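Residue numbers (my numbering): -15 to 498. Cβ atoms here follow ideal geometry from the backbone N, Cα and C, with glycine treated the same way. Since the model is a prediction, treat every value here as computed from it, not as a measurement. For reference, the structure discussed in these notes is given below.
Now the structure itself:
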């Protein structure tokens, strides 16, 4: 007898339908899986046999052939165990399901337990797109799948539980209600008020948060670069539902969502070590998985000690910084992962870190011991094209003893975030319908439309282009930062002092890198 059970498989951050065809026929006892299965799928026979037997049913003592269609797409992972077992029992006549138009995913344990799998959120979205009425998922993935409206999600603990559900079809599905307000930022752990002094750097970080701009912090060890960077997410605006779904899909396929968690509601903060590999940063593998730049999508990617990263690893970020996605090509397929992140880089000005402190006359910092060739080699690890893609470059000065010992608290994260949210709302209203979420991602058409300047401001900008030898990209970045400064100020047009401040954020790298 031939049975059909629908299932799904994740491909990148999306999913596609897989039809599990099971033929139970007369012949010598055998079990075969076709349809380009990988090792985990081929091994499903042993798991399915044991799970069926330990759930109180019998494995057919006949010839069992399983086909996973479409047959020209590689199938991977153990998520087909549950639909294969259901297909075997339906094909053998031991199960006649009352629930129609359903799909199933899940890994089986030898005792019949249905274990969690990765990529359930994309699969639930795919089931809705395919018009499925119901989706059977492991209980541990139930909350994740229930985020999707338009498909009934039924979590099952075991194969026996799934069989009972299909026979009776009288169970209520999980609710698909999503509350975006129940996961606040953790100001009790990290808060903007923890940072002493550094008012100029705080101003630059606020501008970066308000416009989604990339920023480079340069300063001596202990000046507060990491402290500031780790608190940037606390002043970013809360994620909208569509952003949260994008992030959750990435973490789901990467297996990082965590059991029982339904939705990631706070912006990601990723801080890979400088020994990270090319594949670890951009993604890859024989079955491509998202890398750190994709896991930072809609959030922050913090690269501490930037010159310590391998140069070729840093260079691969150039295309994602421009396009907001990364494509991973393999012989059989090309996958695209979203990667619209906010880059925060931190570095010392020289190998020993004391160069800028000494030049500023700060006496309590040890003298710089680096030679000129050492400094040149150190700074040369950061290429000009990568620097050009970073909107704001700023020095983080060493604090004086008085500032270090001060108990005066500055603004907290909530106060700063209110201004950032107000500025972002202006940007969303201005660019409604364009798909652009922040000033940092404006295209040339938007720049011409929303960054009008008077003749005096244009003359100042023209002089800055000549003085600092700015590229076309550098010019665009200045306009984008200027627009953000105007939004924070609450004025409709870009004025001369907005452009002057934006130019100042592009001049420091010329002083340091030459």
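Item                                                                                                                                                                                    : Value
Do the region 108 to 116 and the region 73 to 84 touch if we need at least three Cβ pairs shorter than 8 angstroms?                                                                     : no
Please list, in chain order, all residues of the same chain as residue 127 whose beta carbon is under 8 angstroms from its beta carbon, the five residues on each side excluded.        : 158, 244, 245 and 246
Identify which residue in 192, -6, 422 and 216 has its Cα closest to the Cα of residue 396.                                                                                             : 216
CA-CA distance, residue 203 and residue 209?                                                                                                                                            : 7 angstroms
DSSP puts residue 362 in a beta bridge; with which residues?                                                                                                                            : DSSP output for residue 362 lists no bridge partner at all.
Starting from residue 9, follow the beta strand (DSSP E) in both directions and report where the run begins and ends.                                                                   : -2 to 9
Would you list the residues sitting across from residue 319 in a DSSP beta bridge?                                                                                                      : 312
Please list the segments of the beta strand (DSSP E) lying wholly inside the region 122 to 166, counting only runs of 3 or more residues, in order along the chain.                     : 136 to 140
With a threshold of 16 other CB atoms inside 10 Å of the CB of residue 379, please say whether the residue is buried or exposed.                                                        : buried
On the CB-based measure, 16 or more other CB atoms within 10 Å of its CB, does residue 13 come out buried or exposed?                                                                   : exposed
Excluding the 5 residues preceding and the 5 following residue 466 in the sequence, name in chain order all residues of the same chain whose CB lies nearer than 6 angstroms to its CB. : 478, 482, 483 and 486
Look up residue 257 in the DSSP assignment and say whether it is helix, strand or coil.                                                                                                 : coil
Please state whether DSSP places residue 416 in a helix, a strand or coil.                                                                                                              : coil
Quick check on DSSP: helix, strand or coil for residue 329?                                                                                                                             : strand
Measuring CA to CA, which of 196, 263, 18 and 367 is closest to residue 423?                                                                                                            : 196
I'd like to confirm the pairing. Which residues does DSSP put opposite residue -10 in its beta bridges?                                                                                 : 3 and 87
Which of helix, strand or coil does DSSP assign to residue 238?                                                                                                                         : coil
In the DSSP assignment, find the beta strand (DSSP E) that holds residue 271 and state where it starts and stops.                                                                       : Taken as a continuous stretch (DSSP letters only), residue 271 belongs to no beta strand (DSSP E), as it is neither H nor E.
Is residue -5 helix, strand or coil when you go by DSSP?                                                                                                                                : strand
On the three-state DSSP scale, how would you describe residue 378?                                                                                                                      : strand
Which term fits residue 411, buried or exposed, when burial requires 16 or more other beta carbons within 10 angstroms of its beta carbon?                                              : buried
Excluding the 5 residues flanking residue 151 on each side, which residues of the same chain have their C-beta closer than 8 angstroms to its C-beta?                                   : 79, 80, 81 and 82
Between residue 260 and residue 297, how many whole angstroms is the CB-CB distance? I'm expecting something under 8 angstroms.                                                         : 7 angstroms
Would you kindly report the start and end of the unbroken beta strand (DSSP E) that includes residue 203?                                                                               : 199 to 203
Should residue -8 and residue 140 be called a contact, given that it needs their Cβ atoms to be closer than 8 angstroms?                                                                : no
Leaving out five residues before and five after residue -5 in sequence, what residues of the same chain have Cβ atoms less than 6 angstroms from its Cβ?                                : none
Counting only the same chain and skipping the five closest in sequence on each side, list residues whose C-beta sits under 8 angstroms from that of residue 492.                        : 202, 377, 378 and 379
Identify whether residue 14 lies in helix, strand or coil by the three-state DSSP scheme.                                                                                               : strand
Give me the Cα-Cα distance between residue 214 and residue 253, rounded to the nearest whole angstrom.                                                                                  : 8 angstroms
Thinking just about the alpha-carbon of each residue, which of 366, 55 and -10 is nearest to the one in residue 289?                                                                    : 366
Exposed or buried, which one is residue 95 when buried takes at least 16 other CB atoms within 10 Å?                                                                                    : exposed
Could you tell me the alpha carbon to alpha carbon distance between residue 132 and residue 462, rounded to whole angstroms?                                                            : 40 angstroms
Using beta-carbon positions only, say whether residue 25 and residue 3 come within less than 8 angstroms of one another.                                                                : no
On the three-state DSSP scale, how would you describe residue 293?                                                                                                                      : coil
Got a sec? Which residues, its chain only, sit under 8 angstroms from residue 212 by beta carbon, not counting five neighbours each side?                                               : 179, 182, 185, 186, 189, 201 and 380
Compare the Cα-Cα distances from residue 137 to each of 104, 303 and 356 and report the closest residue.                                                                                : 104
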